[in-house]
Each structure stands twice: as C-alpha cells, then as structure tokens.
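Only one structure is covered here, and it is reproduced in the block below.
4 protein chains.
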Amino acid sequence: MFYDTDCGGVVHNIAYLRLIEKARTLLAGQMGMRLADMAATGLYPVVVRTEIDYRRPARLGDTICIRGRLESLERVRFWMGFELTRHAGAGEGVPAGDPVRFVNCRQQLALVQMPEGRPARLPGEWSKRYAAVVAGR
Amino acid sequence: MFYDTDCGGVVHNIAYLRLIEKARTLLAGQMGMRLADMAATGLYPVVVRTEIDYRRPARLGDTICIRGRLESLERVRFWMGFELTRHAGAGEGVPAGDPVRFVNCRQQLALVQMPEGRPARLPGEWSKRYAAVVAGR
Amino acid sequence: MFYDTDCGGVVHNIAYLRLIEKARTLLAGQMGMRLADMAATGLYPVVVRTEIDYRRPARLGDTICIRGRLESLERVRFWMGFELTRHAGAGEGVPAGDPVRFVNCRQQLALVQMPEGRPARLPGEWSKRYAAVVAGR
Amino acid sequence: MFYDTDCGGVVHNIAYLRLIEKARTLLAGQMGMRLADMAATGLYPVVVRTEIDYRRPARLGDTICIRGRLESLERVRFWMGFELTRHAGAGEGVPAGDPVRFVNCRQQLALVQMPEGRPARLPGEWSKRYAAVVAGR
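Residue numbers (the working numbering), protein chains in the order written: chain G, 1451 to 1587; chain B, 1451 to 1587; chain X, 1451 to 1587; chain E, 1451 to 1587.
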C-alpha cells in the first residue's frame, strides 16, 4: 500500500514489521490463540527482541509472501522466525519476476498478563505440540 | 491487529484510514488501476478531502468489513464512499454479534501526475462505465 | 520524517493526522488535560468526526507548523480546528519559501470514560474559560 | 501519543522505531545530512539491519529520552546505537519516577543512491571526524 512506502520509492523499513505482526497473529490464531480471546483474557504475546535484516527493497505493487514458524520454546519465552519473499509487480509489459528472499526476521516473544505486565508460563500443550513437530522432522 | 488499537482498548481513529486505503486500492485495481502500473507511470490517485464519522468503536479481534463505491465523477476529481461494518470477535463462549455499521467515510480524490504534482484528467472510460452503472440502477 | 512520506515523493495523507493528534494533545495539556492523567482516569478525548482538506503536498524536509484552537463547545462534544502551514526545506542553494497554508482540518471530539465507552459531560470550567475567551475577542 | 500505544495499555513495539528514526534523523542533521538535502540529491541512509530489545514497557504520558551515537564505520556501512530511557508520567499524586533504561537498539545503515538503489561510499570526512572522536576518548 502507499502508506507502506516512503519517498525513497521503496517500502519503508518499519512497514515490514506491521506485515510481520499480521503474519504472527494469523499464525497465533492457528495455534489456538485468537485476538478476541487475548482481548478477553488480557494474556498477550509481547515482543521482547526483534532482529531484522533488509537485503533488498520491495516497491509499490510488489506481492510479498511471509513464512513464519516457531523456532524454539523456553519456559516463558519463545522465538519465531519470518522469511519474506517478493514477486515484482506485473505492470504492463513488465514480466513478473522470480520470487526473491529479501527480508529475514527473528523475534523473541513472551506471554504477558496485562495490565499487570506479569510474564506467564507458556501453555504446556505448546511444548508437547512443538516436540511432536520436531520429532517428525 | 494490535498496532491498530490504542490504550483506550479500541481501534485508533487513524487506523481506519489505513483500512480504507486498502479497500480503495483493491477497488482501484478492479477499475483497472493497479499499484504496479501507478508506480511505473507516476500517475497516482491523491486524496484531496476526507470526511469520516466514528459512531462506535471496534475492538481487537473484531472482523471489519468495508464497502466502497464510486459516488460521483467530475473532470479531474471524484468522490468515493466507504461504509464500515463490524462483527464482534467470536471468543470462546462469546456469541459473535450482528454486524454493526459503525464508521462512514467519504473521500474526494484527484489523479495527479507525480513528481510534478500536475492534476490529470480522469480517463474517459471511467465516465462511460460510470454512466452505464448509474443508468442501470 | 521518512516514515511520513510515500513513494509519490510527498507526505502521505494519513501522516498529517498523526501530526494533528500531537498538536491536539499538546493543546489539551495546556487546557489541563495531560496524557498521564488520562491514562490514570481512563477519561479520554475521542475523535467523533474528522474533516480534512489537502490543498497542496508537503515534502521531506519541509517544516510544518500547526495552529489548533477550540472552535465550539456543546454539552458532551466539542469542535477543534487545525491549520497547517509549511516552509519548504532550505536545501543547498534552495531558498526557503514563504509559509503556505496547505492543509485544513476540523475534528469533533467527545470525552469518553473508558473502558465502558460512556460519554462524559465536558468539565464546567471549559465553558467558563471558553466564554471568557470568546467575550474577549 | 495515543497512536503510539496499543490495547495492552503500553507503547506498541513498532512505535519505538518511529521515535528512533526521528532521533536518527536529528543526529544525521547534526552530522551535516539534512532531510531537505537528501530529498534533493536522492542520497538516503537506508536501514540494513535492526536489533531491538524491549526490557520494560512505556505507557501513555511517559517521557521518553533517546540517546543515539555512531558506533562504528566501514566503507559503505555504519552502525548506530540507541538507548531509550523513560520517566513515568507525573499524574496527580503520582510521583514521577527515576529514569529507567528500558529499550536498546542497534541499527546498521548504508548510504544508498535512489532511485537506482546503488550503495554509495561514506563521505571521507565522516571517518576523519569519527577517528578524531575515538582518539579523544
């Protein structure tokens, strides 16, 4: 979207973090944590650390694909990884390019009970499911 | 998304304008104006005036539906209207509510040739298509 | 700032609403409503309607000045007006321009007690102070 | 500002990156790179990597102070470091707290000539000035 770009003609570096939050939220929904539940219980995933590498820019009209996965689990924290690829927008006479990996991001998160801000233990079922996935690799 | 809400516990008034821009851009795509083409030609739709009424708030996890339409056409400007309805998020045991009309927005836009900033005439086919739609009502 | 601009090379239309919110908040502070108090009491000013006209664009490096004022007061709602002027950025060899009025905005607000979302009566002292100001014109 | 917070009642993790960009831009201005010049020449500092640690939250009305510095210089890239401290907002009867270091951020940047996206060598005077500063420590 226009509001994601800046006057350098490319997607602004901060805009990717909104896209990543959206991917993270959809992934959380698949893991059983829905936004409506979070709002009801006040138990929120909170970003503790972000590392993001910008290798190449994306431009207005590019299609961006985000793949996110749970990378590791501790007692109260967990790491997620995100890989962004883009397809150049297919304008008139401009052939759509091959997908390009252009942004990598890792985020460490914790579950926090708001409004107190108290860290909460990760649900036991997460580590069970996660162990099952790792064993199955 | 979290980044759309504020500490009042509701969606921030500015966030709706991002949602509306997204709806507007999808609608423009259906009318034959794609973002990739705009980036290539530098011919952009520019918001000249926004009027937006906030009747009730939306909250984290609500599903928001936006209906947009072309309201009128002049030589270099046009009006679009947007109506936002929301369904309360369906948490565990919380029945999802009926859709509620809660935000109305009108925007006047112009086509502008960047970087000069020169207003451009609207494509003739727009008024033909638009006349056909109005006649068919 | 870069994050305020878009790939059209100008300040994005939504960015002005962040600048206006900042001006409004500073003005509210001068009227005795500070952010820290709002967070403590949950009594927030909420935007009910925004009207904004974009006459000309601003660009990266322009200096933007915002003048805000209380325009009228009702029992539970009030109108504020904002006028934005800009000075072109003074780059090398580029003479800084005269100030240009380029954006006008009016916002209707209400005081709302969160999290219930109940409208609250405006403080009596506001209308006293406001009457004094109007009488003094 | 309200638009910097989320419904968890705290400042949203992405909002800090806008604050840091503002600090970075002011710092660049002191180093002789002004936004208006960048817009004129198309030579922009571009974020290549961001690392940010969120230790504790800030809330509406807190005063946030950002200290930024140039950490190291290579031929085409450089690292900057930012340290955020906050003072709790001083509401009625609420004593303003001691400053707390609560967010750390490091960013690697490159100078890029837009719109081509070609990396540019850092100005020679930067490394001279930087060497002088390091020698003087």
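Idealized CB from N, CA, C, for every residue including glycine.
Neighbouring residues, chain E, relative to residue i (Cβ below 8 Å)
i         : result
B:ILE1464 : TYR1453
B:GLY1574 : Going along chain E, no residue has its Cβ under 8 Å from B:GLY1574, so there is no contact; the nearest lies around 31 Å.
X:MET1481 : Going along chain E, no residue has its Cβ under 8 Å from X:MET1481, so there is no contact; the nearest lies around 15 Å.
G:MET1564 : GLY1458, GLY1459, VAL1460
G:ASP1503 : VAL1498, ARG1499
Range covered by the beta strand (DSSP E) that runs through residue i
i         : result
E:ARG1527 : 1527-1537
X:ARG1474 : Not the beta strand (DSSP E): X:ARG1474 falls in the alpha helix (DSSP H), residues 1465-1480.
G:THR1491 : That residue, G:THR1491, is in no beta strand (DSSP E); its alpha helix (DSSP H) goes 1485-1491.
X:GLY1518 : 1513-1523
Amino acids of chain X, ordered along the chain, whose beta-carbon sits closer than 7 Å to that of residue i
i         : result
G:GLY1623 : Since the first residue of chain G shown is 1451 and the last is 1587, residue 1623 of chain G is not available in this structure.
Interface residues of chain B facing residue i [CB-CB closer than 9 Å]
i         : result
X:GLY1567 : GLY1458, GLY1459, VAL1460, ARG1506, PRO1507
G:THR1535 : Those within 9 Å of G:THR1535 in chain B number zero; the least Cβ separation is about 17 Å.
Cross-chain neighbours of residue i in chain G, by beta carbon under 8 Å
i         : result
X:LEU1510 : CYS1457
For residue i, the residue or residues it bridges with in DSSP
i         : result
X:CYS1457 : Answer by DSSP bridge pairing: none, since X:CYS1457 is not bridged.
E:ARG1506 : Note: E:ARG1506 sits in no beta bridge, so no partner.
B:PRO1565 : Looking at the DSSP assignment, B:PRO1565 forms no beta bridge with any residue, so it has no partner.
B:VAL1550 : B:ARG1536
B:LYS1570 : Per the sequence shown, the amino acid found at residue 1570 of chain B is Ala instead of Lys. Paired residue(s): B:LEU1561.
G:TYR1494 : G:VAL1562
B:ARG1556 : B:GLU1501, B:GLY1531
Amino acids of chain X, ordered along the chain, whose beta-carbon sits closer than 8 Å to that of residue i
i         : result
B:ARG1468 : ILE1464
Residues that residue i contacts on chain B, provided the C-beta gap is smaller than 7 Å
i         : result
X:ALA1489 : CYS1457
Contacts that residue i makes with chain E (C-beta to C-beta distance below 7 Å)
i         : result
X:GLU1590 : Within the shown structure, residues of chain X are numbered from 1451 to 1587, placing residue 1590 of chain X beyond reach of any answer.
G:TYR1580 : In chain order: nothing, as chain E lies at least about 23 Å away.
Residue i at chain A interface by Cβ criterion, 7 Å
i         : result
X:ALA1473 : As a matter of chain content, chain A is missing from the structure shown, whose protein chains are G, B, X and E.
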